[in-house]
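Asks:
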Amino acid sequence: MESIQAGSEREKTATSSPIAVVCNFWKEFNLEKERSGLDEEGLKIAENQEVSQKNRRKLAENTRDFKKASSGEKLNLFNSLLKGYQEEVDNLTKRAKFGENTFLNIYQKLYEAPDPYPALASIAEQEQRQSELESENRKMKLELEEFRTEATHLKNQQATIRRLEERNRQLEQQMEDKVREIVEIRQRSLAEENQKTLEVLKEREQLLQEQLRQAKESVMNMQRIHEFAQSQLFELRAQSEEERAAKQAELNLLMDEVERAQTRLQSIEREKGVLRSQLQSVNEESLSKQGDHWDSSDVLQSSLNAKEKMISDLNMELHQMEITLSKEREQQMSEIRKLNALLIEKDTALMEIKKELQERPTVKVIEDLRKQIKILQAVGYNSIESEDWELATDGEEMSKLETLLLDKNKKMEHELTQLKVKISEKSSLLEVSESKIGELIAKVNEQQKLISKLEDDILKGYNSSEWKGSLLNDWDMNDMGTNETSEGTDQRYVSTDQDQSSMLKVICNQRDRFRTRLREAEEEVKLLKEKISLLMDELEKTKADNVKLYGKIRYVQDYSHEKLISRGPKKYAEDIESGFGSDVESKYKKIYEDDINPFAAFSKKERDQRYRELGIRDKITLTSGRFLLGNKYARTFIFFYSIGLHLLVFACLYRMSALSYIRERNGEEFLTLDALEYLTVAWRREQLIALVLMSMTWKLRWDAQCALSSVDYIMLSFEESRVIDLSSTGKLIAELRVLRILSLGYVQL
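Just so we're aligned, residue 356 is where the sequence shown starts under the numbering used here, counting upward by one.
1. Check the C-beta distance from leucine 630 over to leucine 591 and give it rounded, since I have them as a contact under 8 Å.
2. Pick out whichever of Glu443, Asn695, Gln635, Gln621 has its Cα sitting closest to the Cα of methionine 665.
3. Tell me the rounded alpha-carbon separation between serine 790 and glutamine 550.
4. Out of curiosity, what's the CA-to-CA distance linking glutamate 624 and serine 657?
5. Buried or exposed, going by whether 16 or more other CB atoms sit within 10 Å of the CB of aspartate 762?
6. Mapping DSSP to helix, strand and coil, what is asparagine 460?
7. Going by beta-carbon coordinates alone, are glutamate 443 and asparagine 410 separated by less than 8 Å?
8. Between the region 709 to 721 and the region 554 to 573, do three or more beta carbon pairs fall short of 8 Å?
9. Taking all protein chains shown into account, do 16 or more other C-beta atoms lie within 10 angstroms of the C-beta of serine 477, making it buried, or fewer, making it exposed?
10. With respect to the alpha helix (DSSP H) encompassing glycine 985, which residues constitute its N-terminal and C-terminal limits?
11. For the structure I just gave you, are there three or more beta carbon pairs, one from the region 472 to 490 and one from the region 373 to 380, closer than 8 Å?
12. Tell me whether leucine 338 is buried or exposed, calling it buried when 16 or more other Cβ atoms sit within 10 Å of its Cβ.
13. Under 8 Å, with one C-beta from each stretch per pair, do the region 871 to 890 and the region 791 to 799 reach the 3-pair mark?
14. For asparagine 385, name the three-state secondary structure that DSSP assigns.
15. Rounded to a whole number of angstroms, what is the C-alpha to C-alpha distance between aspartate 470 and serine 997?
16. Quick one: using the 10 Å Cβ neighbour count with 16 as the cut-off for buried, is tyrosine 905 buried or exposed?
17. By DSSP, does serine 407 sit in helix, in strand, or in coil?
18. With DSSP collapsed to three states, give me the class of alanine 424.
19. Within a Cβ cutoff of 7 Å, which residues of the same chain sit near leucine 680, ignoring the five residues on either side of it in sequence?
20. Leaving out five residues before and five after lysine 429 in sequence, what residues of the same chain have Cβ atoms less than 8 Å from its Cβ?
21. Please state whether the Cβ-Cβ distance between leucine 785 and isoleucine 946 is less than 8 Å.
22. Quick check: the Cα distance between glutamate 558 and serine 486, rounded to an integer number of angstroms?
23. Give the C-beta separation of isoleucine 778 and leucine 883 to the nearest angstrom, bearing in mind that I take them to be a contact with Cβ-Cβ under 8 Å.
24. Given a cut-off of 8 Å, decide if asparagine 417 and leucine 436 are closer than it, judged by their beta-carbon atoms.
25. Under a three-way DSSP split, which group does alanine 375 fall into?
26. Assuming leucine 724 and leucine 497 form a contact by the criterion Cβ under 8 Å, report the distance between their Cβ atoms to the nearest whole angstrom.
27. What's the gap between the Cα of aspartate 963 and the Cα of arginine 972?
28. What residue from Glu626, Glu707, Met706, Arg599 has the CA that sits closest to glutamate 685's CA?
29. Taking the alpha-carbon positions, what's the tryptophan 822 to serine 807 distance?
30. Around the Cβ of tyrosine 943, are there at least 16 other Cβ atoms within 10 angstroms (buried) or fewer (exposed)?
31. Just how far apart, CA to CA, sit asparagine 901 and phenylalanine 957?
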């Protein structure tokens, strides 16, 4: 329990540092304040965009007016148009600088922001671990209460044991033989009964497994039959629905034909009525003209007979269609009845199968039987659980209590062997992780060597003759053409700046690649360190558990020592033979005795008391001294820091003495021929190149600015001073220009 609490305290201290860093950063960052500032900057950017759009429209209008104007007016408008374009370019540059400054400000603030994900993940892991520790603590409390109850029972029984010891000594010799015989008989009978019950239970288990297998097979078969019946039912339903749709379509067509026939019949009947009326009118008129119009009446009569015959035929067809429609409806109804009957049969079969499955033994019954078999096997192998202790202590027979104590001792020794195996596994994992760390360290060293090699190659490339010659030619052309217009000089500056910017991009990309590789290696090392810390914590926990287990075994052995002496040394050796080995026993024995050593506890108490009596300054001095002297990295940091501090002081003194020497020698004139020679000697090209590359490699912005200011200072001195011949120092000035471009580029980055 104490080891668990110590482990939880270590985990809290390990996880509090990144959480505190994240909380402190975001507290100091003040997101609400930064958000208001960002809102103001965003509004300003939007205003600048609107102003630039308005200016662009104005310039577009001015250019259209300029294009439309005549040649005489163009000369007057050209200056104003050019001025407007220059103002727009200036506004755009200001706008770009403002946007870049805002981005760099927010980037500078967020660059060192810690990742909140590890802190949150550590909090989640800490909460999970805390819940686990609480559950383990509850379990340990329950075990402690059980041990306390056992101890109380044993204390109560010690008094009766002392009273009965004298009587037992007298009766032991008489009862030993009888007890041995009875025990042997009972053990044999119990072994036989256990063997028989085991065989019966195994046979019953096999029988139940066979029944379960048959039941599963029958269920699978019935499921297949049910699925097949459902598929057939779905197919029949689909066919019936298709046939019903077809019959419905045919019925609709027949109904449409019937309606058309009825409409046609009605029209024919109307024509018949019309013809009859005509025939009557013709008959009335035919009294006078009977002879003349006899032929027309015959024609009308024949047409009327034909219409009546057609009506009779249509009625017959309508009657036949109705008969066929009724037959098809009866067929559909009969098919639906058959399908319903088939579905009812399938449902009844399924219900019967379910009833049969319910009547058979369930999985729970089989699991209970398996548990019973396992319990019998455990009893056969003498692995008694903690519940049997209460049953043993409630009884009055001390022999049963002794046997249970011995069995408990054997179980503890078995658990100890398992813990030994776990410790060996953890140690193997620790060795593997250490080997991985060694490989990563070797990889980091190789990367550092590669970085140094690339830096040397870059220095060699800068010092090459072709590159310097091209820069010297550019410088000479620039000096010769000082009286020309600014447009030509700007073009030459752009060409050289483009070359240098390309080289600068190459170097920056190389630096970014190295940085990403270094970050990946650091992450891998961090993960391995975390794994090692977890393994060490688990190792400490297992060691503490082993020490506690050794204490319990010592307690059990001391309790049962007196009882085991009566059985002889051979029996006692056999009882403890399965426990600790000699090496392991001596190891944990030493740790256990150190824990319970009163002198060590007294010395620790005295040290804590002396530490509490110290003052604040003494405590700070003592803790800092322990940290700095106990950590390897802290010692190396102090060593190199002291050396670097001394070198910085020496360099500052040397620099100050040189500047004082220049001022004393030259008075108010700050630059003469000797001063320039001294500066060229002090700031040699190798030192400037090394300073610029070191600042680019290790992100030293201050060194890059110093190099830039020094190069500007020397170049300004060369330009203002006319004492030195520029043709003789052109090569040096070209090198200084290159260094100025590199320093300026890195300072801007």
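Every residue gets a Cβ at the ideal spot worked out from N, C-alpha and C, and that includes glycine.
These numbers were taken from a predicted model, which means no experiment stands behind them.
Replies: With the given structure in hand:
1. About 56 Å separates the two Cβ atoms, so there is no contact after all.
2. Looking at the Cα atoms, Gln621 is the closest of the given residues.
3. Straight across, the Cα-Cα distance linking serine 790 with glutamine 550 is about 53 Å.
4. The alpha-carbon atoms of glutamate 624 and serine 657 are separated by roughly 15 Å.
5. Result: buried.
6. Asparagine 460: helix per DSSP, three-state reduction.
7. Closer than 8 Å, so yes.
8. Flag = yes, the region 709 to 721 and the region 554 to 573 touch.
9. When all chains shown are included, serine 477 counts as buried.
10. Unbroken alpha helix (DSSP H) run through glycine 985: 971 to 985.
11. With contact defined as three or more Cβ pairs closer than 8 Å, the region 472 to 490 and the region 373 to 380 are in contact.
12. Within the shown structure, residues of the chain are numbered from 356 to 1104, placing residue 338 beyond reach of any answer.
13. Counting Cβ pairs under 8 Å, three or more are found: they touch.
14. Reduced to three states, the DSSP call for asparagine 385 is coil.
15. In this structure, the CA atom of aspartate 470 is about 33 Å from the CA atom of serine 997.
16. Its Cβ being crowded by 16 or more others within 10 Å, tyrosine 905 is buried.
17. Helix at serine 407.
18. Reduced to three states, the DSSP call for alanine 424 is coil.
19. If we look at leucine 680 and ignore the five residues flanking it on each side, its Cβ neighbours are Leu606, Leu609.
20. Excluding residues up to 5 positions away in sequence, Phe421 lie with their Cβ nearer than 8 Å to the Cβ of lysine 429 in the same chain.
21. No; because the gap between Cβ atoms is not below 8 Å, this pair is not in contact.
22. Spanning the two alpha carbons is a distance of roughly 45 Å.
23. Contact flag wrong, Cβ pair sits at about 20 Å.
24. When the beta-carbon positions are compared, leucine 436 and asparagine 417 come within less than 8 Å of each other.
25. Helix, per DSSP.
26. No, leucine 724 and leucine 497 are not in contact; Cβ-Cβ is about 30 Å, not under 8 Å.
27. Per the coordinates, the alpha-carbon of aspartate 963 lies some 17 Å from the alpha-carbon of arginine 972.
28. Ranking the options by Cα distance to glutamate 685, first place goes to Arg599.
29. At tryptophan 822, the pLDDT of 44 sits below 50, so the modelled position is not reliable; the number obtained from the coordinates is stated separately. Cα atoms of tryptophan 822 and serine 807: separation of roughly 22 Å, rounded to the nearest angstrom.
30. Residue environment for tyrosine 943: buried (at least 16 other C-beta atoms within 10 angstroms of its C-beta).
31. Approximately 24 Å, taken between the alpha carbons.
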